[in-house]
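Going by the numbering used here, the first residue of the sequence shown is number 21, and it counts up by one from there.
Glycine is no exception: its CB is placed at the ideal position from the N, C-alpha and C atoms.
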Amino acid sequence: MQVSIKGQRMTKQRRLVLEELRKLKTHPSAEELHAIAQRNMPNISLGTVYRNLDLLWRNGQILKLEMAGAQARYDGDTRPHYHARCRVCGHITDLFTSQVAGIDHPRVMDSNFRVTGWRIEFEGVCPSCDHPRNVEMQRTEEFVD
């Protein structure tokens with residue numbers, strides 16, 4: 021798979037980072053992606069993974085998910101979609117526009133601000149965490165927020 025990056029050579033390391041990220045249905049951190057990449061390229065450094073993720077993100081090849089108080093996560097799927105994050109375990113799930121009704125995407129706001137992108141993240145409890153022993157913790161967190 022040959023992917024061009026605006027004015028940048030597609031190195032073996034960059035190709036590996038991009039291909040491994042696009043294979044995943046999860047949203048790994050740089051450290052998690054580094055561990056995966058090392059299976060195919062044992063000498064790839066964490067710094068190389070970080071630099072390539074940053075370049076791929078700046079050039080629109082991947083998405084970077086930044087949440088307050090949490091390390092950045094990366095998404096190789098750049099199709100328009102949202103994310104739902106479990107507030108108990110932190111798991112992130114993709115939600116495509118067909119799954120979410122009633123959200124309009126403005127192209128131009130009243131202030132003539134041209135919208136070039138948007139991020140919407142839903143927060144809740146995933147099916148794995150949604151069982152009786154977690155209910156009390158969830159109620160406590162709702163009062164703290």
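- For residue 113, the enclosing beta strand (DSSP E) covers residues 112-116.
- By the Cβ criterion, the stretch 95-103 is not in contact with the stretch 58-67, since fewer than three pairs of Cβ atoms, one from each stretch, lie closer than 8 Å.
- According to DSSP, residue pairing for residue 104 in a beta bridge involves 113 and 142.
- DSSP assignment within the stretch 67-101 yields the following whole beta strand (DSSP E) runs of 3 residues or more, N-terminal first: 83-85 and 93-95.
- For residue 33, the enclosing alpha helix (DSSP H) covers residues 32-43.
- Judged by DSSP secondary structure, residue 56 falls within the alpha helix (DSSP H) whose first and last residues are 50-58.
- Residue 37 sits close to residue 76, with the two beta carbons spaced by under 8 Å.
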